[in-house]
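Undergrad: If you read the sequence shown in this note's numbering, its first letter stands for residue 68, the second for the next number, and so on.
Note that the Cβ used here is the ideal one computed from N, Cα and C, for glycine as well.
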Amino acid sequence: MNTSPTLSFIDTPLDPVAAVMHADPYPFYAELRAGPPLVWNEALRLWVASRAEVIESLLLAHGALRVRPAAEPVPRAIAGSAAGEVFGHLVRMNDGTAHQAHRPALQRALAGLDLGAARTAALRVAHGVPAQPLSDALFSMPVRTVAHLLGFGDEALPQVDRWMRDFVACLSPLSTPEQLQAASAAAGELMTRFEALAASAPPRDGTLLAAVLAESQACAPSSRALLANLVGLLSQTCDATAGLLGNSLIALMREPSLQQAAQTPSGRQAIVEETARHDPSVHNTRRFVAEPVAIAGTPLAAGDAVLLVLAAANRDPAFNPEPERFSLVRARRRMLGFGHGVHACPGQALACTLAAAGLEAVLHRAPDLAALRERGWHYRPSVAARIPVFH
């Protein structure tokens with residue numbers, strides 16, 4: 068079975084970044100965990116952490132470690148562009164006061180979201196998404212659903228979907244100049260559309276946008292920074308939820324015993340949540356040292372970069388018992404793919420709900436899972452996100 072691109076034919080990944088696209092990176096991740104708590108990778112020019120305990124320490128050491136290099140808060144490739152403006156405002160790409168300016172509003176609005184209603188909306192929106200190619204549907208179903216929840220009308224959803232697919236290119240260091248130009252154009256269009264929605268009198272009752280705007284009055288006024296974070300909410304939905312949905316489908320194909328569970332909403336939800344631990348859509352993230360600090364006995368200097376291999380930590384035996392086993396019933400399912408501490412993702416529950424609804428929509432179309440598995444899949448080029456492309 069051909070399940071991966073050229074990189075995956077290598078028996079062992081070249082490094083923790085190449086592992087993201089490998090057919091089975093988990094033996095390699097186990098070797099990393101068995102090594103030092105922090106190990107220097109000369110080729111990548113950064114430290115690598117793979118144990119859960121060490122990664123939790125790094126994620127909590129927010130005073131010394133930042134989500135962006137101090138000298139480059141916005142990637143040089145997009146600085147000064149519309150995409151750069153959006154990137155510079157994102158709470159997940161900032162620390163300190165910039166991080167706290169709009170995170171509380173987003174957090175409270177997402178916490179108050181009716182997940183049952185979100186699931187119903189996701190299933191309705193899925194009917195308007197073309198079934199083929201499947202790999203595109205994995206992106207479109209969650210993105211269009213969140214756009215709907217934010218207040219966009221049905222007629223606007225395909226265009227918002229296209230803009231978002233263009234915009235997320237600015238978040239990858241692998242993007243071409245042409246992709247970055249398209250990302251900037253999409254960012255400008257999305258900001259214009261969100262500005263119009265926010266200025267409407269009032270936004271449709273019950274929308275996520277209305278909830279965010281209401282919550283923002285308690286912590287920060289409506290601004291371009293807040294609108295940028297609504298674009299950011301859509302961008303997080305795009306890659307991360309597409310990967311979670313796709314990897315859940317792969318789990319279902321690899322584990323025939325799951326097919327009975329996949330017949331019920333609770334079973335599909337459990338499959339998605341275990342996939343988020345067992346084979347998450349985000350395999351790593353980075354932190355940048357702003358001031359000298361010692362982690363796990365290793366001194367880190369200002370300017371150092373650290374790669375946190377979250378997928379390896381999820382399968383750390385000290386973090387989850389029997390970590391290699393895909394189990395729908397766990398006394399305590401622990402995972403780091405949605406972040407930890409001040410940068411924990413407030414949209415975790417929504418992401419899992421959307422992925423489970425997407426799985427239901429895909430299965431409702433009665434695909435031949437055996438044939439799909441036989442044709443195989445590979446993983447999209449990425450330094451962090453594990454998103455399958457089905458053949």
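#1: Rounded to a whole number of angstroms, what is the C-alpha to C-alpha distance between Leu126 and His345?
#2: Nearest-angstrom Cα distance between Thr187 and Pro103?
#3: Note the first and the last residue of the continuous beta strand (DSSP E) segment covering Asn108.
#4: Any contact of the segment 426-446 with the segment 289-307, i.e. 3+ C-beta pairs under 8 Å?
#5: Which residues share a DSSP beta bridge with Ala452?
#6: Does the distance from the C-beta atom of Val121 to that of Ala363 stay below 8 Å?
#7: Which two residues bound the contiguous beta strand (DSSP E) that contains Ala131?
#8: Can you tell me which of the three DSSP states Arg260 falls into?
#9: Just to confirm my understanding: we take His458, look at its own chain, exclude 5 residues before and 5 after, and list those with CB closer than 8 Å. What are they?
#10: So, for Ala189: in the same chain, excluding its five sequence neighbours on each side, which residues have a beta-carbon less than 8 Å away from its beta-carbon?
#11: Can you tell which of Asp82, Pro92, Ala329 has its C-alpha closest to the C-alpha of Ala110?
#12: How about Arg100 and Arg354: are their beta carbons less than 8 Å apart?
#13: So, for Gly151: in the same chain, excluding its five sequence neighbours on each side, which residues have a beta-carbon less than 7 Å away from its beta-carbon?
#14: Would you call the CB atoms of Ile454 and Gly313 closer than 8 Å?
#15: When DSSP labels each residue in this structure, what does Thr243 get in the three-state scheme?
#16: Scan the segment 360-445 and note each continuous alpha helix (DSSP H) run of 4 residues or more that stays entirely inside, going in chain order.
#17: Quick check: the Cα distance between Pro80 and Ala214, rounded to an integer number of angstroms?
#18: Does the distance from the C-beta atom of Glu358 to that of Arg400 stay below 8 Å?
#19: Once you ignore the five residues that flank Pro347 on each side, which residues in its own chain have a CB closer than 8 Å to its CB?
#20: My output table needs one value for Arg232: the three-state DSSP class, helix, strand or coil.
#21: Does the segment 253-269 come close enough to the segment 227-239 to have 3 or more Cβ pairs within less than 8 Å?
#22: Ends of the beta strand (DSSP E) at Val115?
#23: Count the other C-beta atoms from every protein chain shown that fall within 10 angstroms of the C-beta of Gln327, then say buried if there are 16 or more, exposed otherwise.
#24: Compute the Euclidean distance between the alpha carbons of Thr331 and Ile317, then round it to the nearest angstrom.
#25: Assuming Leu275 and Leu217 make a contact with CB atoms under 8 Å, what is their CB distance in whole Å?
#26: Measure the alpha-carbon distance for Gly163 versus Pro92 and round it to whole angstroms.
#27: Within 10 angstroms of the Cβ of Glu391, are there 16 or more other Cβ atoms? Answer buried if so, exposed if not.
TA: Reading it off the structure:
#1: Using only the alpha carbons, I get a separation of about 20 Å.
#2: Cα to Cα, the separation comes out at about 47 Å.
#3: Going by DSSP, Asn108 is part of the beta strand (DSSP E) stretching over 105-108.
#4: Contact between the segment 426-446 and the segment 289-307 is absent, because fewer than three Cβ pairs lie under 8 Å.
#5: Residue pairing by DSSP places Ala452 opposite Val349 in a beta bridge.
#6: At a Cβ-Cβ threshold of 8 Å, Val121 and Ala363 count as neighbours.
#7: Here Ala131 belongs to no beta strand (DSSP E), and DSSP marks it neither H nor E.
#8: If DSSP states are grouped into helix, strand and coil, Arg260 belongs with the helices.
#9: Take His458, set aside five residues on each side of it, and the residues of its chain with a beta-carbon closer than 8 Å to its own are Asn69, Arg442, Gly443, Trp444, His445, in chain order.
#10: Met208, Pro209, Thr212, Thr420, Leu421, Ala424, Gly425, Ala428, listed in sequence order.
#11: It is Asp82 whose Cα lies nearest to the Cα of Ala110.
#12: Taking 8 Å as the cut-off, the beta carbon of Arg100 is found no closer than this to the beta carbon of Arg354.
#13: Contacts found: Val141, Ile145.
#14: Yes.
#15: Coil at Thr243, not helix or strand.
#16: You should have 377-381, 415-431, 436-442.
#17: For Pro80 and Ala214, the distance between alpha carbons rounds to 37 Å.
#18: No, Cβ-Cβ distance for Glu358 and Arg400 is not below 8 Å.
#19: So the list reads Gly310, Leu311, Asn314, Leu377, Ala378, Asn381, Met402, Gly404, Arg453, once near-sequence residues are dropped.
#20: Here Arg232 carries a helix assignment [DSSP, helix/strand/coil].
#21: Touching, yes, given that three or more Cβ pairs across the two stretches are closer than 8 Å.
#22: Run containing Val115: 113-116, per the beta strand (DSSP E) assignment.
#23: Burial is judged here by how many other beta carbons sit within 10 angstroms of a residue's own beta carbon; Gln327 has fewer than 16 and is exposed.
#24: Roughly 18 Å separates the two Cα atoms.
#25: That pair is a contact at about 5 Å.
#26: Straight-line Cα distance between these residues: approximately 34 Å.
#27: Burial call: exposed.
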